[in-house]
Structure formats: structure tokens, C-alpha cells
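Number of protein chains: 2
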Amino acid sequence: MERAVVLVSGGLDSATALAVARRDGFECHALSVDYGQRHRFELKAAAAVAEHLGAAEHRVVSVDLRAIGGSALTDEIDVPESGLGEGIPVTYVPARNLTFLSIALGWGEVLRARDLYVGVNAVDYSGYPDCRPEFVGAFERIANIATKAGVEGDVFRVRAPLIDLTKAQIIRLGTDLGVDYALTHSCYNPAPDGGACGRCDSCRIRRAGFDEAGVPDPTRYAS
Amino acid sequence: MERAVVLVSGGLDSATALAVARRDGFECHALSVDYGQRHRFELKAAAAVAEHLGAAEHRVVSVDLRAIGGSALTDEIDVPESGLGEGIPVTYVPARNLTFLSIALGWGEVLRARDLYVGVNAVDYSGYPDCRPEFVGAFERIANIATKAGVEGDVFRVRAPLIDLTKAQIIRLGTDLGVDYALTHSCYNPAPDGGACGRCDSCRIRRAGFDEAGVPDPTRYAS
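In order, the protein sequences belong to chains H and C.
When the first sequence is numbered by the working numbering, its final residue is 279 and no position is left out of the sequence of numbers.
When the second sequence is numbered by the working numbering, its final residue is 279 and no position is left out of the sequence of numbers.
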């Protein structure tokens, strides 16, 4: 059975990407990154998702992105609650997906996994530059330049199966593949008990996706 | 004064790259990565080098690459002492420079530094794929695709001023720029007191460089 490394954040998209990787026949090695995110519910959700979707293992690598700051998700900057505006929002974390994929690539090389799955998508999203197809393509190129395996012709593939799906399409796909979205966590600004705020960009996009998909929203919102 | 982020490992090459960045007129922000390397002398050397060469600050970001293993520098694999053989040696750390540059890029974006210096070179080196000009070029491209700054046209430049220099040329350049190489640490397999082994690839390349440059070697070798 071929191996794949799947980046699993604990959110809805990466859970769906993991379900797709399993459907594609891979032995899935789930990777989460503890990057000093302000709220820790994501990592608990990631572990639950990895187990639920039959990952062969789930590993957490720590990278202290708080040491560089610069984002509402790692620094003392308020998460916006008024909906998406113009441009890239303050929840953007500088070079986050590049750093995460780099670690996934390193682990993939060690595991002899040549397929890396990432749940980025560029339709119903926050406009982050590192969620676009151009980024995924550029990463696949550098993966095969930066590594021993790539240079030796044992080619890495970067798979972003959600890249051109709407949030509703992602939710329908995951539902068909048996994803229990109640296990996932999307909120940028959760209540102390983990309840979703319902107002941050991530909650808004998620809620609209369930509405449009016609799938009951299992999210536990803070009262 | 424009800012640059300079990756400083504590070794000879990155110390020279820092001296070049300062000569080029940048306010230098030195970045070291604590990646779980088996010996810790590197990080002490990096701090000493950053101070000696007038960096505006020195920051250490932790990334636990031990969690993925796969290298003699992070895992329980013996460091070779018989000289360079065929192919890429076991001291290769999967996706290391890609991960380090990704973090440097993130910090550069936060600092509004658009120049990233890295001391890689592809002449007297261990054959690591992530030290070659192709890699540096690919990283500059992805830096401008992956980031808010890059997408908004505030372009990042990746500077690898040593890329086509021999070790002897690097040592002469650094000596001209006032680098005190006694502060630097290259050995992969140091004695408990930090003395260099003189037998690993890194020691061999370093020692031959001083010989060829005609510069007295200040390295403290283990007796």
C-alpha cells in the first residue's frame, strides 16, 4: 500500500482531504503542526479526525511561529468579526502553508511517501495566497528540487483535491466519504469550552457551506 | 536602512553571508533554527556570530525535526568519518533548508525585510540538493507566490552570495570582511567540550578550505 502524508489541521477542509486520500487507496500518515496557534482546540480536533478516518498514525510537529508573530492567529491581534473585506485579512499567517508543506515533505521523504495531500481551496476562502493553485504547483516543483528523493527522480506529487471546489461541494464530498464534521473545528475565536463564535470569517464560510450543501450543520456554536 | 533576514547556523558559511549582508548595507536580523540538532554548540556559536557581526537582533525559532527523524544530524544514525563518498550523505536533513527559508520568509514578511540571505554553496559542499542554485531560484519564485507581500508586488529577493565560491574563497572573503572564524562551529560530531572531531565531512571541508586559503585555521580540534 502506497503511503501519503496528509496535513490535518483539525478543520473541515483537511478532514475532507484525508477522506479523499483514503478513498484514493493510500496508507495515510496524518501530520499536524503545533505552531503556537492561540487556541488549542484545533490540535485536539486533528487527533480525533485522524483516528476517525483511519490514519495509520498522527504526528504533531512543533514550530514556534509565535516567535515571528504577525498574525491574528499567533499574535495579540483581534480576529475580525464583521465579515470578509477587501484584501488578505489579518488572520493570514506569514508563510504558514509553505512551512507546513516543507515539514510534510521532509516527513514524506523519511517515510518514502511520495504523495502529499493538502486541503487548501481557493473558492470559498479568505484570500490567503498560499491556498491558490499557483502556490500548490510551485510547491510541487520545489519539492522535487529541494530533496534527495526528488533529485534522484523519485518524484513527489502535491495533491490538493479541494482546490477548485466550493465549500458546499467540499461538505457534500466529505459527507459522501463518511466524514463526521462534528469532530472538526474551524473557528478562529472559540469560547473557552471550544464552542464556535459564529462570527469570524472561518465560521461564516463554514456555516454558509452547510446551508448551501443542504447538509445539517453539526457545529456546536457558543451560546 | 533596509532590513534583511539572514539565516545564521553558527557555521562558517552563514557567518560569511551575514558579513556580506552587512557590507551590502542592510540592517541584519539574524535567524537560527533550533531543529533538535544532536549537538547544541551550533546555536551558541550562532548567537556569538550574530553579536560579533553587528546583527540588529538574533532570534531562535524552534522546529522539532526530530519528530520526523531520517538524518544523522537529528536521529540516532552515525556520522561518517571516512570522507565524502558517492551520492548524498546521511547527514542530509530532509527538507531542512526549505523549512528554514520558509520561516525566514515568514519573519521577513513580518519585519518588512524583503532580502533573505542564506549561506548555501554548491562547490566545496556535501552534495545536499537544497544548497544548489536551482533550489535558491525556486525558493525565490515560491516566496513571491506564497506570501501577501509577494502577491502585492513587494518582491522578495533570496541572496546566496557564496553559491559559486570555493571554501577557500569564502574564507578569504570573510577574513577581508572581519569575520572571526574562531567563533564558528562546523563539526557534525564534536567532543563534549565542543572541540571539532576533524574527521567528519564538515571538518574535512573546513580544514581544507583554510589550508587552501592560506589563512590560519582557528578551529579548536579535540585532542
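Just so you know, even glycine gets a beta-carbon here, dropped at the ideal spot from N, CA and C.
In this text the structure is predicted, and so the values were computed from the model without any measurement.
Query, Result
"Within 7 angstroms of chain H by C-beta, residues of the region 157-174 of chain C in sequence order", "Ser158, Ile159, Leu161, Gly162, Trp163, Glu165 and Val166"
"Chain C residues whose Cβ lies nearer than 8 angstroms to that of Asp120/H", "Val117, Ser118 and Val119"
"Residue-level contact to chain D via CB, Ile124/C, 7 angstroms cutoff", "Reference to chain D is not applicable here, since the protein chains of this structure are H and C."
"Interface residues of chain C facing Asn153/H [CB-CB closer than 8 angstroms]", "Ala202"
"Contacts of Arg197/H in chain C (Cβ-Cβ under 7 angstroms)", "Ala194"
"Cβ-Cβ distance between His114/C and Ala86/C below 7 angstroms", "yes"
"Cβ of Phe191/C within 7 angstroms of any chain H Cβ", "yes"
"C-alpha distance - Pro150/H paired with Arg188/H, whole-angstrom precision", "15 angstroms"
"Where the alpha helix (DSSP H) containing Cys259/H begins and where it ends", "Asp257 to Ala269"
"Minimum length 3: unbroken beta strand (DSSP E) runs contained in the region 143-214 of chain C", "171-173"
"Among Val76/C, Ala112/C, Asp90/C and Tyr277/C, the one whose alpha carbon lies nearest that of Cys256/C", "Tyr277/C"
"Counterpart residues of Val89/H in DSSP-defined beta bridges", "Val117/H"
"Proximal residues of chain H, C-beta to C-beta of Asp186/C below 7 angstroms", "Ala202"
"Terminal residues of the alpha helix (DSSP H) in which Leu74/C lies", "Leu68 to Arg79"
"Burial state of Val284/C, where buried means 16 or more other Cβ atoms lie within 10 Å", "For chain C, the structure presents residues 57 to 279; residue 284/C sits outside this window and is missing."
"Proximal chain C residues relative to Val207/H, where beta-carbon distance stays under 8 angstroms", "Ile144 and Pro185"
"Continuous beta strand (DSSP E) stretch holding Arg59/H: start and end", "Arg59 to Leu63"
"Under 7 angstroms between C-beta atoms of Gly265/H and Phe97/H", "no"
"First through last residue of the alpha helix (DSSP H) which encompasses Ala104/H", "Phe97 to His108"
"Tyr181/C at chain H interface by Cβ criterion, 7 angstroms", "no"
"CB contact below 7 angstroms: Pro272/H versus chain C", "no"
"Whole-angstrom distance between Leu218/C and Phe82/C, CA atom to CA atom", "17 angstroms"
"Contact set between Tyr148/C and chain H, taken where Cβ atoms lie within less than 8 angstroms", "Lys204"
"Buried or exposed by the 16-neighbour rule on C-beta atoms within 10 Å, applied to Ala238/C", "exposed"
"Coarse secondary structure for Tyr237/C, derived from DSSP in three states", "helix"
"Cβ-Cβ distance between Thr203/C and Glu165/C below 7 angstroms", "yes"
"Length of the line joining the Cα atoms of Leu325/H and Gly206/H", "The shown model of chain H, from 57 to 279, leaves out residue 325/H, and the question about it has no answer."
"Cβ-Cβ distance between Ala102/C and Ala77/C below 7 angstroms", "no"
"Opening and closing residue of the alpha helix (DSSP H) in which Arg228/C lies", "Lys223 to Asp232"
"Residue from Val235/H, Asn200/H, Asp180/H and Thr240/H whose Cα sits closest to the Cα of Lys223/H", "Asp180/H"
"Beta-ladder partner(s) of Tyr277/C, from DSSP", "Ala252/C"
"Touch test, the region 126-137 of chain C against the region 117-137 of chain H, Cβ-Cβ under 8 angstroms, three pairs minimum", "no"
"Backbone CA spacing between Ala269/H and Val62/H [nearest angstrom]", "25 angstroms"
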